[in-house]
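Have a look at the structure below, then the notes.
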């Protein structure tokens with residue numbers, strides 16, 4: 002009897018390759034997210050340090066022009082932080098979509114694997130049945146020869 006061949010093996014292989022690609026894309030997106038979070042944290046730390054420095058200088062006596070410089074700097078930092086937070090939200094949306102895609106492809110692969118397993122089980126049963134018939138026929142012929 003011929004060897005078992007799953008007719009959708011190429012489709013299954015393609016889906017597995019697609020899944021690998023999507024997982025790699027997700028990993029890259031998550032690395033980007035970590036970098037964004039680090040950048041946001043760094044800007045927040047910079048904001049805190051500069052604010053402390055401004056408070057210290059206020060206690061010593063800070064003139065209005067220097068105070069205006071600090072205020073402008075804080076506004077700039079705040080705008081950068083808000084921009085990065087917006088990018089982070091967009092990236093989180095993309096990551097969520099990528100996870101949904103991965104789940105869908107995983108589901109398709111699972112369905113194909115179940116179908117392959119079912120067909121393999123049926124193939125094995127058919128092989129066993131054919132072997133039993135061949136044995137019965139052989140035994141019948143052997144008995145008839147005596």
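In our numbering, the protein residues as written are 2 to 147.
All C-beta atoms, glycine included, are put in the ideal place defined by N, C-alpha and C.
Predicted, not measured: the structure shown is a model, and the values here were computed from it.
At the C-beta level, residue 106 and residue 19 come within 8 Å of one another. Take residue 29, set aside five residues on each side of it, and no residue of its chain has a beta-carbon closer than 7 Å to its own. In chain order, 121 and 124 place their CB closer than 7 Å to the CB of residue 5, counting only its own chain and leaving out the 5 sequence neighbours on each side.
Rounded to the nearest angstrom, the gap between the Cα atoms of residue 96 and residue 48 is 29 Å. Two segments are said to touch when three or more pairs of C-beta atoms, one from each, lie closer than 8 Å; by this definition the segment 6 to 25 touches the segment 99 to 119. A direct Cα-to-Cα measurement between residue 73 and residue 54 gives close to 15 Å.
Residue 8 carries a coil assignment under DSSP once its states are collapsed to helix, strand and coil. Sorting 88, 129 and 114 by C-alpha distance to the C-alpha of residue 7 places 114 at the top. With respect to the C-alpha of residue 39, the residue from 26, 23 and 89 having the closest C-alpha is 89. About 6 Å separates the Cβ atoms of residue 44 and residue 78, confirming a contact at the 8 Å cut-off. Assigned with DSSP and collapsed to three states, residue 63 falls in coil, not helix or strand. Within the segment 52 to 138, no run of alpha helix (DSSP H) at least 4 residues long lies entirely inside it. Assignment of residue 3 by DSSP, reduced to helix, strand and coil, places it in the coil class.
Sequence-distant Cβ neighbours of residue 112 in its own chain, meaning closer than 8 Å and more than five residues away, do not exist here.
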